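Engineer: In my numbering, the protein residues as written are 1483 to 1795.
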(Lines of atoms letter the chains of each structure in order from A and count residues from 1; the text may use other names and numbers.)
(Lines give C-alpha, C1' and ligand atoms only; values in the text may rest on other atoms or scores of the structure.)
Protein backbone atom coordinates (compact mmCIF):
# COMPACT_ATOMS: atom_id res chain seq x y z
CA UNK A 1 0.00 0.00 0.00
CA UNK A 2 1.67 3.22 -1.16
CA UNK A 3 -1.10 5.77 -0.48
CA UNK A 4 -3.55 5.23 2.42
CA UNK A 5 -6.05 7.57 0.74
CA UNK A 6 -6.26 5.35 -2.33
CA UNK A 7 -7.29 1.67 -1.99
CA UNK A 8 -5.88 1.06 -5.47
CA UNK A 9 -2.32 2.13 -4.64
CA UNK A 10 -0.97 -1.37 -4.01
CA UNK A 11 2.31 -2.91 -5.05
CA UNK A 12 3.88 -6.35 -4.60
CA UNK A 13 6.96 -6.35 -2.34
CA UNK A 14 9.29 -8.91 -0.75
CA UNK A 15 8.81 -9.68 2.94
CA UNK A 16 9.90 -12.31 5.43
CA UNK A 17 8.27 -15.72 5.69
CA UNK A 18 5.59 -15.72 8.43
CA UNK A 19 6.75 -17.18 11.75
CA UNK A 20 4.43 -19.84 13.11
CA UNK A 21 2.90 -19.62 16.55
CA UNK A 22 1.75 -22.71 18.44
CA UNK A 23 -1.32 -24.16 16.76
CA UNK A 24 -0.68 -22.52 13.37
CA UNK A 25 0.23 -23.98 9.99
CA UNK A 26 2.09 -22.34 7.13
CA UNK A 27 0.00 -22.35 3.96
CA UNK A 28 1.37 -21.86 0.46
CA UNK A 29 -1.29 -19.64 -1.07
CA UNK A 30 -2.75 -20.49 -4.48
CA UNK A 31 -5.64 -18.01 -4.51
CA UNK A 32 -6.99 -15.23 -2.27
CA UNK A 33 -10.43 -13.65 -2.19
CA UNK A 34 -10.92 -9.87 -2.37
CA UNK A 35 -13.37 -8.27 0.07
CA UNK A 36 -14.74 -4.83 0.94
CA UNK A 37 -12.77 -5.02 4.16
CA UNK A 38 -9.59 -5.13 2.08
CA UNK A 39 -10.48 -1.79 0.49
CA UNK A 40 -11.12 -0.32 3.92
CA UNK A 41 -7.81 -1.61 5.23
CA UNK A 42 -6.02 -0.12 2.23
CA UNK A 43 -7.59 3.22 3.16
CA UNK A 44 -6.38 2.87 6.74
CA UNK A 45 -9.89 2.42 8.21
CA UNK A 46 -9.88 -1.30 9.05
CA UNK A 47 -6.64 -2.32 10.75
CA UNK A 48 -6.04 -5.97 11.67
CA UNK A 49 -6.52 -7.05 15.29
CA UNK A 50 -3.41 -6.63 17.50
CA UNK A 51 -0.73 -9.18 16.74
CA UNK A 52 -2.12 -10.18 13.35
CA UNK A 53 -0.48 -9.75 9.95
CA UNK A 54 -0.53 -6.25 8.49
CA UNK A 55 -0.75 -7.78 5.01
CA UNK A 56 -4.20 -7.43 3.42
CA UNK A 57 -6.33 -10.52 2.81
CA UNK A 58 -9.03 -12.28 4.86
CA UNK A 59 -9.39 -15.57 2.98
CA UNK A 60 -7.35 -17.87 0.78
CA UNK A 61 -6.91 -21.41 -0.45
CA UNK A 62 -3.70 -23.39 -0.86
CA UNK A 63 -1.68 -26.28 0.53
CA UNK A 64 -0.01 -26.76 3.89
CA UNK A 65 3.73 -26.15 3.58
CA UNK A 66 4.60 -26.56 7.27
CA UNK A 67 2.17 -28.21 9.73
CA UNK A 68 3.96 -26.70 12.73
CA UNK A 69 2.74 -28.26 15.98
CA UNK A 70 -0.71 -29.19 14.69
CA UNK A 71 -0.32 -32.75 13.44
CA UNK A 72 -1.64 -31.78 10.01
CA UNK A 73 0.19 -33.12 6.97
CA UNK A 74 2.30 -31.23 4.48
CA UNK A 75 0.61 -30.91 1.10
CA UNK A 76 -2.94 -30.98 2.50
CA UNK A 77 -5.25 -28.76 0.45
CA UNK A 78 -7.16 -26.26 2.58
CA UNK A 79 -9.32 -23.16 2.57
CA UNK A 80 -8.35 -20.58 5.16
CA UNK A 81 -10.17 -17.89 7.14
CA UNK A 82 -7.70 -15.29 8.44
CA UNK A 83 -7.55 -11.95 10.22
CA UNK A 84 -5.01 -10.87 7.58
CA UNK A 85 -2.16 -12.02 5.37
CA UNK A 86 -3.94 -13.53 2.37
CA UNK A 87 -2.42 -11.32 -0.34
CA UNK A 88 0.87 -13.23 -0.19
CA UNK A 89 2.65 -16.39 -1.28
CA UNK A 90 2.64 -17.79 2.27
CA UNK A 91 0.41 -17.17 5.29
CA UNK A 92 0.24 -18.46 8.87
CA UNK A 93 -3.22 -19.77 9.77
CA UNK A 94 -4.61 -21.08 13.10
CA UNK A 95 -5.59 -24.73 12.73
CA UNK A 96 -9.18 -24.01 13.78
CA UNK A 97 -9.58 -21.70 10.78
CA UNK A 98 -8.68 -24.33 8.20
CA UNK A 99 -11.39 -26.03 6.20
CA UNK A 100 -11.38 -28.71 3.53
CA UNK A 101 -11.65 -27.80 -0.14
CA UNK A 102 -15.31 -28.39 -1.06
CA UNK A 103 -15.81 -31.44 -3.24
CA UNK A 104 -15.31 -30.51 -6.89
CA UNK A 105 -13.89 -27.06 -6.12
CA UNK A 106 -10.60 -25.56 -7.31
CA UNK A 107 -8.39 -23.37 -5.09
CA UNK A 108 -9.68 -20.28 -6.93
CA UNK A 109 -13.31 -21.28 -6.36
CA UNK A 110 -12.59 -22.08 -2.71
CA UNK A 111 -10.97 -18.68 -2.14
CA UNK A 112 -14.18 -17.09 -3.40
CA UNK A 113 -16.43 -18.67 -0.75
CA UNK A 114 -14.51 -18.95 2.55
CA UNK A 115 -15.24 -15.48 3.95
CA UNK A 116 -18.76 -15.18 2.54
CA UNK A 117 -19.76 -18.66 3.69
CA UNK A 118 -18.53 -18.04 7.23
CA UNK A 119 -20.07 -14.55 7.36
CA UNK A 120 -23.44 -15.57 5.94
CA UNK A 121 -23.78 -18.82 7.87
CA UNK A 122 -22.70 -17.30 11.21
CA UNK A 123 -25.29 -14.53 10.86
CA UNK A 124 -28.23 -16.16 9.10
CA UNK A 125 -27.78 -19.77 10.17
CA UNK A 126 -26.23 -19.61 13.63
CA UNK A 127 -27.43 -16.21 14.91
CA UNK A 128 -30.75 -15.52 13.20
CA UNK A 129 -31.70 -19.19 12.78
CA UNK A 130 -33.50 -18.55 9.48
CA UNK A 131 -36.36 -21.02 9.06
CA UNK A 132 -38.82 -22.08 6.34
CA UNK A 133 -41.60 -19.60 5.78
CA UNK A 134 -39.68 -16.56 6.99
CA UNK A 135 -38.92 -13.54 4.81
CA UNK A 136 -35.29 -12.41 4.70
CA UNK A 137 -34.15 -9.10 3.18
CA UNK A 138 -30.59 -9.01 1.87
CA UNK A 139 -29.11 -5.63 1.02
CA UNK A 140 -26.54 -5.59 -1.78
CA UNK A 141 -27.94 -8.79 -3.20
CA UNK A 142 -25.57 -8.92 -6.16
CA UNK A 143 -22.38 -8.60 -4.11
CA UNK A 144 -20.19 -11.33 -2.70
CA UNK A 145 -22.16 -11.63 0.54
CA UNK A 146 -25.49 -11.17 -1.21
CA UNK A 147 -25.08 -13.79 -3.93
CA UNK A 148 -24.18 -16.38 -1.30
CA UNK A 149 -26.87 -15.30 1.16
CA UNK A 150 -29.62 -15.55 -1.47
CA UNK A 151 -28.71 -19.16 -2.17
CA UNK A 152 -28.42 -20.13 1.49
CA UNK A 153 -31.76 -18.58 2.43
CA UNK A 154 -33.39 -20.26 -0.55
CA UNK A 155 -32.10 -23.62 0.68
CA UNK A 156 -33.29 -22.86 4.22
CA UNK A 157 -36.81 -22.40 2.84
CA UNK A 158 -37.13 -18.64 3.29
CA UNK A 159 -38.69 -16.08 0.97
CA UNK A 160 -35.78 -13.91 -0.21
CA UNK A 161 -36.03 -10.17 -0.85
CA UNK A 162 -33.05 -8.20 -2.17
CA UNK A 163 -32.01 -4.67 -2.96
CA UNK A 164 -29.65 -3.81 -5.79
CA UNK A 165 -28.96 -0.79 -7.99
CA UNK A 166 -29.62 -2.01 -11.52
CA UNK A 167 -31.87 -4.26 -13.55
CA UNK A 168 -28.87 -6.41 -14.48
CA UNK A 169 -27.91 -7.00 -10.86
CA UNK A 170 -31.48 -7.75 -9.89
CA UNK A 171 -31.69 -10.28 -12.71
CA UNK A 172 -28.62 -12.02 -11.28
CA UNK A 173 -30.35 -12.10 -7.89
CA UNK A 174 -33.48 -13.59 -9.47
CA UNK A 175 -31.43 -16.30 -11.18
CA UNK A 176 -29.89 -17.23 -7.83
CA UNK A 177 -33.29 -17.59 -6.21
CA UNK A 178 -34.44 -14.18 -4.96
CA UNK A 179 -38.23 -13.82 -4.86
CA UNK A 180 -38.67 -10.06 -4.30
CA UNK A 181 -36.49 -7.67 -6.33
CA UNK A 182 -36.15 -4.02 -5.29
CA UNK A 183 -34.17 -1.40 -7.20
CA UNK A 184 -33.07 0.93 -4.41
CA UNK A 185 -32.51 3.75 -6.92
CA UNK A 186 -36.20 3.72 -7.86
CA UNK A 187 -38.05 2.13 -4.93
CA UNK A 188 -38.23 2.59 -1.16
CA UNK A 189 -37.70 -0.91 0.19
CA UNK A 190 -39.31 0.02 3.52
CA UNK A 191 -42.56 0.82 1.74
CA UNK A 192 -42.43 -2.28 -0.43
CA UNK A 193 -41.73 -4.53 2.58
CA UNK A 194 -43.30 -2.63 5.49
CA UNK A 195 -43.70 -5.00 8.43
CA UNK A 196 -42.91 -8.10 6.37
CA UNK A 197 -39.26 -8.99 7.08
CA UNK A 198 -38.35 -11.50 9.77
CA UNK A 199 -34.60 -11.02 9.23
CA UNK A 200 -32.62 -8.26 7.48
CA UNK A 201 -28.93 -8.69 6.60
CA UNK A 202 -27.61 -5.14 6.28
CA UNK A 203 -24.31 -3.85 4.88
CA UNK A 204 -25.27 -0.17 4.94
CA UNK A 205 -25.60 0.75 8.61
CA UNK A 206 -26.74 4.27 9.50
CA UNK A 207 -28.23 5.19 6.13
CA UNK A 208 -30.76 2.35 6.19
CA UNK A 209 -31.49 2.11 9.92
CA UNK A 210 -34.90 3.78 9.98
CA UNK A 211 -36.08 2.04 6.82
CA UNK A 212 -34.88 -1.32 8.10
CA UNK A 213 -36.87 -0.93 11.29
CA UNK A 214 -40.01 -0.09 9.29
CA UNK A 215 -39.52 -3.18 7.15
CA UNK A 216 -39.26 -5.58 10.09
CA UNK A 217 -42.08 -7.87 11.13
CA UNK A 218 -42.94 -8.49 14.79
CA UNK A 219 -40.03 -10.25 16.54
CA UNK A 220 -37.88 -9.25 13.55
CA UNK A 221 -34.09 -9.19 13.63
CA UNK A 222 -31.88 -6.56 12.01
CA UNK A 223 -28.31 -7.83 11.64
CA UNK A 224 -25.81 -5.14 10.67
CA UNK A 225 -22.55 -6.47 9.21
CA UNK A 226 -21.34 -3.42 7.26
CA UNK A 227 -21.29 0.34 7.52
CA UNK A 228 -21.10 1.48 3.89
CA UNK A 229 -23.84 4.03 4.62
CA UNK A 230 -22.31 5.54 7.75
CA UNK A 231 -21.84 4.77 11.43
CA UNK A 232 -24.19 7.14 13.31
CA UNK A 233 -27.98 7.36 13.24
CA UNK A 234 -30.77 8.17 15.68
CA UNK A 235 -33.12 5.42 16.71
CA UNK A 236 -36.62 5.69 18.16
CA UNK A 237 -36.60 3.03 20.85
CA UNK A 238 -40.36 3.26 20.96
CA UNK A 239 -40.45 1.59 17.56
CA UNK A 240 -38.68 -1.49 18.92
CA UNK A 241 -40.68 -2.31 22.03
CA UNK A 242 -44.23 -2.94 20.71
CA UNK A 243 -42.96 -5.21 17.91
CA UNK A 244 -40.15 -6.79 20.00
CA UNK A 245 -37.47 -5.93 17.43
CA UNK A 246 -33.82 -6.88 17.78
CA UNK A 247 -30.88 -4.92 16.37
CA UNK A 248 -27.58 -6.80 16.26
CA UNK A 249 -24.13 -5.73 15.07
CA UNK A 250 -21.57 -8.39 14.19
CA UNK A 251 -18.15 -8.74 12.63
CA UNK A 252 -16.09 -11.82 11.84
CA UNK A 253 -12.53 -10.50 11.84
CA UNK A 254 -12.42 -9.37 15.48
CA UNK A 255 -13.77 -12.59 16.98
CA UNK A 256 -11.64 -14.80 19.21
CA UNK A 257 -9.79 -17.80 17.81
CA UNK A 258 -12.31 -20.02 19.57
CA UNK A 259 -15.21 -18.10 18.08
CA UNK A 260 -13.83 -18.30 14.56
CA UNK A 261 -13.06 -22.00 14.95
CA UNK A 262 -16.66 -22.69 15.99
CA UNK A 263 -17.98 -20.76 12.97
CA UNK A 264 -15.64 -22.63 10.62
CA UNK A 265 -16.66 -25.98 12.11
CA UNK A 266 -20.37 -25.18 11.81
CA UNK A 267 -20.02 -23.82 8.26
CA UNK A 268 -18.18 -26.94 7.11
CA UNK A 269 -20.81 -29.15 8.74
CA UNK A 270 -23.84 -27.31 7.41
CA UNK A 271 -22.81 -25.42 4.25
CA UNK A 272 -20.07 -27.56 2.68
CA UNK A 273 -22.54 -30.35 1.74
CA UNK A 274 -24.59 -27.74 -0.16
CA UNK A 275 -21.46 -26.66 -2.04
CA UNK A 276 -20.51 -30.26 -2.83
CA UNK A 277 -23.87 -31.14 -4.39
CA UNK A 278 -24.36 -27.81 -6.15
CA UNK A 279 -27.29 -26.45 -4.13
CA UNK A 280 -25.07 -23.41 -3.46
CA UNK A 281 -22.35 -22.33 -5.87
CA UNK A 282 -19.58 -19.76 -6.00
CA UNK A 283 -20.13 -16.65 -8.07
CA UNK A 284 -16.83 -15.30 -9.41
CA UNK A 285 -16.92 -12.02 -11.32
CA UNK A 286 -13.23 -11.86 -12.26
CA UNK A 287 -9.76 -13.17 -11.40
CA UNK A 288 -6.45 -11.28 -11.35
CA UNK A 289 -2.82 -12.26 -10.74
CA UNK A 290 -1.64 -11.34 -7.23
CA UNK A 291 0.63 -8.68 -8.70
CA UNK A 292 -2.48 -6.93 -10.10
CA UNK A 293 -4.23 -6.54 -6.74
CA UNK A 294 -4.48 -2.80 -7.40
CA UNK A 295 -6.59 -3.45 -10.50
CA UNK A 296 -8.77 -5.85 -8.51
CA UNK A 297 -9.36 -3.17 -5.86
CA UNK A 298 -10.19 -0.63 -8.55
CA UNK A 299 -12.79 -2.96 -10.05
CA UNK A 300 -14.38 -3.76 -6.68
CA UNK A 301 -14.40 -0.07 -5.75
CA UNK A 302 -16.21 0.77 -9.00
CA UNK A 303 -19.42 -0.92 -7.87
CA UNK A 304 -19.61 -2.90 -11.10
CA UNK A 305 -18.85 -6.28 -9.51
CA UNK A 306 -21.41 -9.08 -9.23
CA UNK A 307 -20.17 -11.74 -6.83
CA UNK A 308 -16.49 -12.10 -5.91
CA UNK A 309 -13.05 -11.19 -7.24
CA UNK A 310 -10.17 -13.62 -6.67
CA UNK A 311 -6.39 -13.10 -6.84
CA UNK A 312 -4.40 -16.05 -8.18
CA UNK A 313 -0.84 -16.65 -6.96
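C-beta atoms are modelled at their ideal positions from N, C-alpha and C, and glycine is treated no differently. Small disclaimer: the values here were computed from a predicted structure and weren't measured.
Under a three-way DSSP split, which group does residue 1569 fall into?
Structural biologist: Note: residue 1569 maps to coil in three-state DSSP.
Engineer: For the beta strand (DSSP E) that contains residue 1537, what are its first and last residues?
Structural biologist: Where residue 1537 is concerned, there is no enclosing beta strand (DSSP E), given that its DSSP letter is neither H nor E.
Engineer: Please report the Cβ distance between residue 1621 and residue 1683, rounded to the nearest whole angstrom; I am assuming they are in contact, meaning their Cβ atoms lie under 8 Å.
Structural biologist: Right, the Cβ-Cβ distance comes to about 7 Å (below 8 Å), so this counts as a contact.
Engineer: Going straight from the alpha carbon of residue 1681 to that of residue 1703, what length do you get?
Structural biologist: Cα-Cα distance, rounded: 5 Å.
Engineer: Start and end of the beta strand (DSSP E) containing residue 1549?
Structural biologist: Note, residue 1549: premise wrong, no beta strand (DSSP E); not H, not E.
Engineer: Below 8 Å, can you find three or more Cβ-Cβ pairs linking the region 1508-1516 to the region 1568-1583?
Structural biologist: Yes, they touch.
Engineer: Quick one: Cα of residue 1601 to Cα of residue 1662, how far?
Structural biologist: Rounded to the nearest angstrom, the two C-alpha atoms are 22 Å apart.
Engineer: Pull the bridge partners of residue 1703 from the DSSP assignment, please.
Structural biologist: In the DSSP output, where bridge partners are listed per residue, residue 1703 has 1681 and 1728.
Engineer: Identify every residue that forms a DSSP beta bridge with residue 1790.
Structural biologist: Per DSSP, 1766.
Engineer: Can you find at least 3 beta carbon pairs, one from the region 1750-1769 and one from the region 1584-1591, that sit closer than 8 Å?
Structural biologist: Judged by Cβ distances under 8 Å, the region 1750-1769 makes contact with the region 1584-1591, as three or more pairs qualify.
Engineer: Which residue's Cα is closest to the Cα of residue 1638: 1617, 1625 and 1628?
Structural biologist: For residue 1638, the nearest C-alpha among the options comes from 1617.
Engineer: Classify residue 1627 as buried or exposed, calling it buried when 16 or more other Cβ atoms lie within 10 Å of its own Cβ.
Structural biologist: Buried.
Engineer: Just confirm the distance between the C-beta atoms of residue 1645 and residue 1623, as a whole number of angstroms; I'd bet it's less than 8 Å.
Structural biologist: The Cβ separation is near 6 Å, so the contact holds.
Engineer: Which residues mark the beginning and the end of the beta strand (DSSP E) in which residue 1642 is found?
Structural biologist: Unbroken beta strand (DSSP E) run through residue 1642: 1641-1646.
Engineer: Expressed to the nearest angstrom, what Euclidean distance is found between the alpha-carbon atoms of residue 1687 and residue 1707?
Structural biologist: Each residue's Cα considered, the two are about 8 Å apart.
Engineer: Of the choices 1668, 1667, 1669 and 1643, whose alpha-carbon is the least far from that of residue 1657?
Structural biologist: The residue with the shortest Cα to Cα distance from residue 1657 is 1643.
Engineer: Please confirm whether residue 1751 and residue 1769 have their CB atoms less than 7 Å apart.
Structural biologist: Not in contact: residue 1751 and residue 1769 (Cβ atoms no closer than 7 Å).
Engineer: Are the CB atoms of residue 1523 and residue 1546 within a distance shorter than 7 Å?
Structural biologist: Their beta carbons are not under 7 Å apart, which means residue 1546 does not touch residue 1523 by this criterion.
Engineer: Pair every Cβ in the region 1594-1614 with every Cβ in the region 1722-1736, then say whether three or more of these pairs are closer than 8 Å.
Structural biologist: Output reads yes: the region 1722-1736 touches the region 1594-1614.
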